[in-house]
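All residue numbers for the sequence shown refer to the UniProt record's numbering, where the first residue is 1 and numbers rise by one. C-beta: ideal position from N, C-alpha, C; glycine also. Here the structure is a predicted model, which is why all the values come from computation and not from measurement. As structure tokens, the structure follows; a few thoughts come after it.
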Amino acid sequence: PPQPQPQQQQPQPQLLPQEVPAPPPANREVPQLDAQLRRELEDTWRELKESRASQARLQVEAEELRARNTTLAGYLASAESNAQKLRSTLSNAGAAAFGQQDSNRPYPGAAARAALAIEASKKTTHVTQRPPPVETMLDPP
């Protein structure tokens, strides 16, 4: 005859104790605190590296802007010098042409009008000194 098989016992659910466990001793918290501090240190180093890279990029950009500023200041100085030479040439040409004109004419000729226009433009155009270099917070003291 077949033998009855023993029934397998199902695991009983465990009941949690009513007591709350005491906090772990201080020496157990040290590794957790150490890991947290390491993460914070890594984050700080990462931020420092990013800041240094950003500073380097900004320094390169500042140098490029200084070079561009110098170039533009040179162009401006050259343009002002050429404008002054042109005014002088036109003024001299206008005076020579004006001196040859008939004194009975009520209006001066084109050369004299050009000389008058040059005089008027002198009042609006100023020769300036070269601007000082741009200083940034990134420049060493």
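Let me know if residue i comes out buried or exposed under the rule of 16 or more other beta-carbons within 10 Å of its beta-carbon.
i          : result
glycine 74 : exposed
Mind checking if residue i is an interface residue toward chain C, Cβ cutoff 8 angstroms exclusive?
i          : result
alanine 93 : Going by chain labels, chain C is absent from the structure shown, which holds only one protein chain.
By Cβ distance, which residues of its chain are closer than 8 angstroms to residue i, with the 5 residues on each side in sequence left out?
i              : result
arginine 38    : none
asparagine 104 : For asparagine 104, the pLDDT reaches just 49, beneath the cut-off of 50, and the residue's location in the model is therefore unreliable, although a value from the coordinates is still provided. Here the set comprises nothing.
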